[in-house]
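In the numbering used here, the protein residues as written are 33 to 489. Glycine included, each C-beta is placed from N, C-alpha and C at the ideal position. Quick caveat, the model's predicted, so the values are computed rather than measured. Reading through the structure tokens given below for one structure.
Here it is as structure tokens:
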């Protein structure tokens with residue numbers, strides 16, 4: 033498998049993947065379970081293609097640089113020095129569900145709706161499901177989630193959400209179709225993974241948890257609102273909030289684009305929702321996030337606004353992909369036609385979660401500002417009378433990606449250690465009825481190990 037020119041560009045932009053070669057420690061497997069489980073072939077319900085392999089170690093310490101993960105897919109998400117567990121033998125299933133889009137080039141399949149399912153030999157009876165954050169692909173959560181939960185005995189499943197990369201908005205026929213598919217593919221994989229677990233171990237998972245960061249945090253919220261019957265709980269790490277009336281990406285990102293182009297000032301940014309004190313992060317977000325995010329999501333939900341920019345593709349070079357559209361500095365979501373708001377409504381959240389959920393969000397998030405995103409979502413949950421099912425922790429000094437801690441160790445903190453504490457708190461809540469700490473702001477420690485130690489208090 034060789035990377036295309038476009039794949040190489042997306043890798044540089046921390047959005048896509050590089051080529052890989054098969055692992056020496058992996059062996060083809062017919063999927064027949066052993067160790068006392070009923071002996072029958074594992075089949076992923078609904079999959080158009082699946083490949084099963086057996087590994088001495090399913091974690092990224094062994095899979096990095098092989099065909100069984102994608103290092104570019106999870107690049108830039110964790111802080112340097114993050115310690116992950118190793119040495120988890122088991123089965124891995126890679127494949128895809130039927131679909132018409134061809135944005136995911138991994139494995140040479142050139143097919144979207146790709147997934148990965150990992151089944152450890154020593155299973156704890158539960159399943160963890162996630163999806164790709166941003167517009168990454170199915171291996172994006174390998175270092176943040178997969179390694180850690182596999183070491184605890186969880187089965188793991190992840191989806192590419194059905195479309196990926198900066199051209200994700202080209203998938204579908206109606207405005208909003210691509211993001212609607214994200215939710216559908218997550219539901220599809222959850223049901224399929226539960227069936228696979230039953231085949232492999234002889235019974236369905238006793239617990240199923242949904243989790244994710246950024247866009248997969250949004251998936252967690254949506255699944256617990258719309259399909260609580262499939263899950264026992266979830267951990268939402270900085271999921272974006274979609275509401276047809278706003279706030280949403282389109283009510284604050286245009287201000288960021290305007291500032292980038294010299295047409296807005298700091299006070300405008302604060303009014304849009306960006307946190308005072310986060311200014312030192314703005315230059316990075318100008319280059320890597322604001323322009324790209326605004327133009328591609330605007331093309332997804334409002335294709336009639338400046339259809340020539342980004343046009344049929346977000347760009348063919350890194351500079352073109354990341355560059356803002358000048359017209360987005362004037363984008364006024366409130367005045368856009370009703371059809372645009374209706375498209376956003378198709379993927380919007382209500383706060384009506386049906387199972388326990390823990391939300392974490394960094395106070396210095398400069399892509400998804402906490403004040404107009406998770407703060408509001410917590411209030412929405414309360415207004416729905418669901419606060420008893422929710423805990424919300426504002427992580428002081430946290431920002432959208434933990435890797436920025438490496439550049440600003442004196443001002444930021446990685447959220448991953450707090451996320452792991454939150455996941456443990458969730459399972460104790462669900463399985464042992466141990467109430468998590470009260471919602472609140474988690475102070476940034478002045479000293480100590482911030483990369484691998486964290487709590488919710």
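- Note: residue 82 is bridge-paired with 127 in the DSSP secondary-structure output.
- In the three-state DSSP reduction, residue 365 falls in the helix class (H, G or I).
- Our two residues, residue 426 and residue 473, have alpha carbons roughly 4 Å apart in a direct line.
- Rounded to the nearest angstrom, the gap between the Cα atoms of residue 298 and residue 117 is 42 Å.
- As a beta-bridge residue in DSSP terms, residue 241 pairs with 160, 265.
- Rounded to whole angstroms, the Cβ separation of residue 218 and residue 251 is 5 Å, and the two are in contact under 8 Å.
- Rounded to whole angstroms, the separation of the alpha carbons of residue 421 and residue 387 is 6 Å.
- Separation of the CB atoms of residue 187 and residue 128 is rounded to 19 Å, and the pair is thereby denied contact status at 8 Å.
- With a beta-carbon spacing of about 13 Å, residue 368 and residue 208 fall beyond the 8 Å limit used to define contacts.
- Counting only runs of 3 or more residues that sit fully inside the segment 253-322, the beta strand (DSSP E) segments are 265-269, in chain order.
- DSSP, reduced to helix, strand and coil, places residue 146 within a strand of the structure shown.
- Residue pairing by DSSP puts residue 152 in a beta bridge opposite 122.
- Taking a cut-off of 8 Å for Cβ pairs, the segment 391-399 and the segment 444-463 touch, as three or more such pairs fall below it.
- Residue 133 counts as buried, since at least 16 other C-beta atoms from the protein chains shown sit within 10 angstroms of its C-beta.
- Apart from the 5 residues on each side of it in sequence, residue 354 sits with its Cβ closer than 7 Å to the Cβ of 45, 319, 320, 323, 324 in its chain, given in chain order.
- When DSSP states are grouped into helix, strand and coil, residue 391 belongs to the strand group.
- The shortest CA-to-CA distance from residue 198 to any of 460, 152, 468, 356 is the one to 356.
- Here residue 468 is buried. Its C-beta has 16 or more other C-beta atoms within 10 Å.
- When the five nearest sequence neighbours on each side are left out, the beta carbons in the same chain lying within less than 6 Å of the beta carbon of residue 295 are those of 361, in order along the chain.
- Between the segment 223-238 and the segment 131-151, the count of Cβ pairs shorter than 8 Å is three or higher; the stretches touch.
- A direct Cα-to-Cα measurement between residue 90 and residue 182 gives close to 8 Å.
- Counted as a single uninterrupted DSSP element, the alpha helix (DSSP H) harbouring residue 455 occupies residues 448-464.
- In the structure shown, residue 187 adopts extended strand secondary structure according to DSSP, grouped into three states.
- Taking 8 Å as the cut-off, the Cβ atoms of residue 432 and residue 408 do not count as close.
- Secondary structure of residue 417 (DSSP, three-state): coil.
- Sixteen is the threshold: when 16 or more other Cβ atoms of the shown chains lie within 10 Å of the Cβ of residue 178, as they do, the residue is buried.
- Sequence-distant partners of residue 195 (beyond 5 residues in either direction) whose C-beta falls short of 6 Å from its own C-beta, in its chain, are 133, 135, 144, 203, 210.
- With a beta-carbon spacing of about 15 Å, residue 269 and residue 174 fall beyond the 8 Å limit used to define contacts.
- From the listed residues 337, 82, 338, 264, the smallest Cα separation to residue 224 is found for 82.
- The beta carbons of residue 147 and residue 221 sit closer together than 8 Å.
- Counting along the chain, residue 424 sits inside no alpha helix (DSSP H); it lies in the beta strand (DSSP E) bounded by residues 422-427.
- Distance between residue 459 and residue 267, taken at the CA atoms: about 10 Å.
- Residue 317 and residue 418 have their C-alpha atoms some 34 Å from each other.
- Counting along the chain, residue 137 sits inside no alpha helix (DSSP H), nor does DSSP assign it H or E at all.
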